[in-house]
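Q: Dropping a structure here in structure tokens format, bear with me for questions.
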Amino acid sequence: MKQLRMAGSVVLLLWALGLSGCATSTIFNSSKLAASTGPTTEQSDPWERFNRSVFGFNEVVDVALVKPLAETYRAVVPRWLRKSVDNVFGNIGDVWSTANLLLQFKPKAALEMGMRVATNTVFGIGGILDVAEEVGLERRSEDFGQTLGVWGLSSGPYLVLPLLGPSTVRDASARFVDSKFGPEALAFREARDRYGAYTLEAVQTRVNLLNASRVLDEVALDKYTFLRDAYLARRRSQIYDGEPPEDSTPAAPAAAASATQ
Amino acid sequence: MLRRSLISALAFTVSALAAPMVRAEALAADAFVKQLSTEVVDAVKADKAIQAGDVARIRALVDTKVMPHVNFERMTAMSVGPQWRSATPDQRKRMLDEFKLLLVNTYSGAMTQVKDQTIVVKPLRVAPVDGEVVVKSEVRGSGEPIQLDYRLEKAGEGWKIYDVNVGGFWVVEAYKGQFAKDLSAGGLDALINRLAEKNKSKPAAKG
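Protein sequence lines correspond, in order, to chains U and S.
Per this note's numbering, the very first residue in the first sequence carries number 1; after that it's consecutive.
Per this note's numbering, the very first residue in the second sequence carries number 1001; after that it's consecutive.
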């Protein structure tokens, strides 16, 4: 899952400021709690009040700015061009997924993703076309947050980031690595280009979510808890490659990771 | 000796050919999911009204093709939790109706998204335990495949679905989280009212 990425450092600064508003003692208490219980319980969300206010802020920004922008983009830019933009970002993301698969000690999957990148870069004209999809090389997105999860780091408390949306302490921290060492940082060296790329990618991602967000409004009684539970369950599932164990014991991910070594 | 094995081979071939006609008898869980999802996707693809979001048509499709294969009572009971056991028959009925409506509304939204996707059902890797099994599948279209898994229980000769997993998130788990607040604050009646309110706002909002 590609997540919204916008002006990363500004946002993380905001986040850090927001965090410092919380008592530090809760950080320690709550991370213990989060590690000892299942992923989709209220205990994973000790900062619910703070999170809800950020969530509210994000909703306002989305309605006022991001969603209209995405709708305009969808109306103005022809489908083939949107698809090409999507593919190019997808291909860049695949490079990072490959690196993360290697870090997760999954050589077979890494090889497949590597082949995917090579195929699309060469035969897909620098990633504009997704030819690999047609020959059956499916995309498996990986990021550094997942890699940390595979290594056995528990997610820590749930955290809603300004503009970026659902995350956890682990995943938010991993974003630093994603944005510092991810291929976007290498492909777009100038900060201006990079933020331009992030913005375009964010808008494109929001376009892809236009339909999903409509379904979400219908499915949820409380959108905040629905998104939270969905995010936590999905991340857990991704870390276990779609097969999380039924009951969660905190030691499980570490055991799984060391078993594959 | 040779003739006998020939005859038995022939008999085997005939019975294999005849098998599709009686397959409902002991269809494996993964084959059942494959059959059901193909049927539904084909029905959606063949129906322009459904793709355009015609709620009545979608409801009809869900009622005829999907619901007969779902143990909806179990799904609801699991989502509600302990309070289900103490619920009156009337409460149960209202809860089932409202929850079903909510899910059908959601389903209608999802069905308008069906375009060029295909569903790939993965072969079972573990045998059913106590008549229950998880079947995994994937929706493939443009972009990353979406995980779509089912929890099934043996029902007579066939199977019934009692939980669905979309992208790593089980429906029962999702609604446990959604229901918890109303249930603890005002009990089952509060929850039913909440669902009814939500459902009432739906058709008008959609147009």
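Just so it is clear, CB atoms sit at the ideal spot from N, CA and C, and this is done for glycine as well.
Return the chain-ordered list of same chain residues with a C-beta closer than 8 Å to the C-beta of Ala1049(S), the five sequence neighbours on each side being excluded.
A: Position 49 of the second sequence, counted from the start, is the residue given in the question as residue 1049(S). Taken in chain order, the residues that qualify are Arg1057.
Q: How long is the line joining the alpha carbons of Trp47(U) and Val60(U), rounded to whole angstroms?
A: Here residue 47(U) refers to the residue found at position 47 of the first sequence. Here residue 60(U) refers to the residue found at position 60 of the first sequence. Those two C-alpha atoms are separated by around 20 Å.
Q: Which two residues bound the contiguous beta strand (DSSP E) that contains Asp178(U)?
A: Against the first sequence, residue 178(U) aligns to sequence position 178. Run containing Asp178(U): none in the beta strand (DSSP E); it sits in the alpha helix (DSSP H), Val169 to Phe181.
Q: Is Arg121(U) helix, strand or coil when you go by DSSP?
A: The sequence position of residue 121(U) within the first sequence is 121, counting from 1. The residue you asked about is not Arg; residue 121(U) is Thr in the sequence shown. Three-state DSSP puts Thr121(U) in a helix.
Q: Would you decide whether Leu111(U) is buried or exposed? Buried here means 16 or more other CB atoms lie within 10 Å of its CB.
A: By one-based count along the first sequence, residue 111(U) stands at place 111. With fewer than 16 other Cβ atoms within 10 Å, it is exposed.
Q: So who's on the other strand from Trp80(U), going by DSSP bridges?
A: For the purposes of this step, residue 80(U) is taken as the residue at position 80 of the first sequence. Trp80(U) pairs with nothing; no bridge assigned.
Q: Report the start-end ranges of each alpha helix (DSSP H) in the segment 1069 to 1098 of chain S that is 4 residues or longer and not cut off at the edges.
A: 1072 to 1080
Q: Please list, in chain order, the residues of the segment 1055 to 1078 of chain S that have any C-beta partner in chain U closer than 8 Å.
A: none
Q: Determine the extent of the alpha helix (DSSP H) in which Thr1118(S) is found, giving its start and end residues.
A: As a working mapping, residue 1118(S) is identified with position 118 in the second sequence. Taken as a continuous stretch (DSSP letters only), Thr1118(S) belongs to no alpha helix (DSSP H), being part of the beta strand (DSSP E) at Thr1118 to Val1121.
Q: What residues from chain U crowd round Pro1123(S), counting only those whose CB sits closer than 7 Å?
A: On the second sequence, position 123 is the one that residue 1123(S) refers to. Correct list: empty, because the minimum Cβ distance to chain U is about 15 Å.
Q: In this structure, how does DSSP classify Ser53(U) when only helix, strand and coil are distinguished?
A: In the first sequence, residue 53(U) corresponds to position 53, counting from 1. Here DSSP, grouped into helix, strand and coil, assigns Ser53(U) to helix.
Q: Quick check on Val237(U) - is its C-beta less than 7 Å from some C-beta in chain S?
A: Counting from 1 along the first sequence, the entry for residue 237(U) is found at position 237. As written in the sequence, residue 237(U) is Ser, which differs from the Val given in the question. Closer than 7 Å: yes.
Q: Quick check on Pro68(U): does DSSP put it in helix, strand or coil?
A: To locate residue 68(U), count along the first sequence from 1; it is residue 68. Pro68(U): helix per DSSP, three-state reduction.
Q: According to DSSP, simplified to helix, strand and coil, what is Pro166(U)?
A: For the purposes of this step, residue 166(U) is taken as the residue at position 166 of the first sequence. In this structure, Pro166(U) counts as strand in the three-state DSSP scheme.
Q: Helix, strand or coil: which one does DSSP assign to Lys1100(S)?
A: On the second sequence, residue 1100(S) is found 100 positions in, with the first residue counted as 1. Three-state DSSP puts Lys1100(S) in a helix.
Q: Our contact map puts Leu1183(S) next to Leu1191(S) with C-beta atoms below 8 Å; I'd like the distance itself, whole angstroms only.
A: The residue labelled residue 1183(S) in the question sits at position 183 within the second sequence. The residue labelled residue 1191(S) in the question sits at position 191 within the second sequence. Contact holds; Cβ gap of about 5 Å.
Q: Measuring only the C-alpha atoms, how far is Lys108(U) from Gly124(U)?
A: The residue given as residue 108(U) occupies position 108 in the first sequence. The residue given as residue 124(U) occupies position 124 in the first sequence. Cα to Cα, Lys108(U) sits roughly 23 Å from Gly124(U).
Q: Less than 7 Å between CB atoms is the rule here; does Ser167(U) satisfy it with respect to chain S?
A: Stepping through the first sequence from its first residue, residue 167(U) is reached at position 167. The Cβ of Ser167(U) sits no closer than 7 Å to any Cβ of chain S.
Q: For Gly1177(S), decide whether its Cβ has a neighbour in chain U, counting only Cβ atoms nearer than 7 Å.
A: Residue 1177(S) sits at position 177 when you count from the first residue of the second sequence. It does: the Cβ of Gly1177(S) has a partner Cβ on chain U nearer than 7 Å.
Q: So, do the segment 82 to 102 of chain U and the segment 122 to 142 of chain U have three or more beta carbon pairs nearer to each other than 8 Å?
A: yes
Q: With a threshold of 8 Å on Cβ separation, who are the neighbours of Gln1117(S) within its own chain once the five nearest residues in sequence on each side are excluded?
A: Start at 1 with the first residue of the second sequence, and residue 1117(S) comes out as number 117. Counting only Cβ-Cβ distances below 8 Å, and skipping sequence neighbours, we find Val1041, Val1139, Arg1140 and Gly1141.
Q: So, does the CB of Pro1145(S) fall closer than 7 Å to a CB anywhere in chain U?
A: Indexing the second sequence from 1 puts residue 1145(S) at position 145. Yes, contact with chain U.
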